[in-house]
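Engineer: Please see the structure below; I have some questions.
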Amino acid sequence: SNTTAEAGPTEGQIADPTEGQIAGQIDRPAADSCDAAPFRRLIGKPDSVFHVMDLPETVRLIHPGTPVTRDHRPARVNIEIDASGTIVKVWCG
662 SNTTAEAGPT EGQIADPTEG QIAGQIDRPA ADSCDAAPFR RLIGKPDSVF HVMDLPETVR
722 LIHPGTPVTR DHRPARVNIE IDASGTIVKV WCG
C-alpha cells in the first residue's frame, strides 16, 4: 500500500495553511476587529437584555438552530445564545 498520501508533509512541502489561519482567527481577541468588549460583559446574562437595546447591523444573535453564514467579517460581532436563553459566547467574525 502507498503510505505517502497518509503521511504528513515531507521536507520541502508545506502543510495546509488554512488550519493555522483559522486557529489564528479564532484565538485573536474579539475586541481587535469588531469592538466586542461592551458585549462580552453580557456573557452569562439572559438574552432579554437585547429587548431594550438598539443593536447595530454588525451584531448577529445566534440562537440554537439558527442558520448562519460561514463568511468571516472582522467587523461583525457574533453573540451565541444557548437553549435556555443565556448569552454564552461573544466573538468577531
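Numbering (this note's numbering), first residue to last: 662 to 754.
C-beta: ideal position from N, C-alpha, C; glycine also.
Predicted model, so just to flag it, every value in this text is computed and none were measured.
#1: Going by beta-carbon coordinates alone, are L703 and V713 separated by less than 9 Å?
#2: Since R629 is in the beta strand (DSSP E), which residue starts that stretch and which ends it?
#3: To the nearest angstrom, report how far apart P635 and V738 are at their CA atoms.
#4: Going by CA-CA distance only, name the one from I742, G754, P699 and D732 that's closest to H724.
#5: In or out: A697 buried (at least 16 other Cβ within 10 Å) or exposed?
Structural biologist: Working from what's here:
#1: Taking a C-beta distance under 9 Å as the contact criterion, L703 and V713 do not qualify as a contact pair.
#2: With the chain covering only 662 through 754, there is no way to say anything about residue 629.
#3: Within the shown structure, residues of the chain are numbered from 662 to 754, placing residue 635 beyond reach of any answer.
#4: Ranking the options by Cα distance to H724, first place goes to I742.
#5: Its Cβ being crowded by 16 or more others within 10 Å, A697 is buried.
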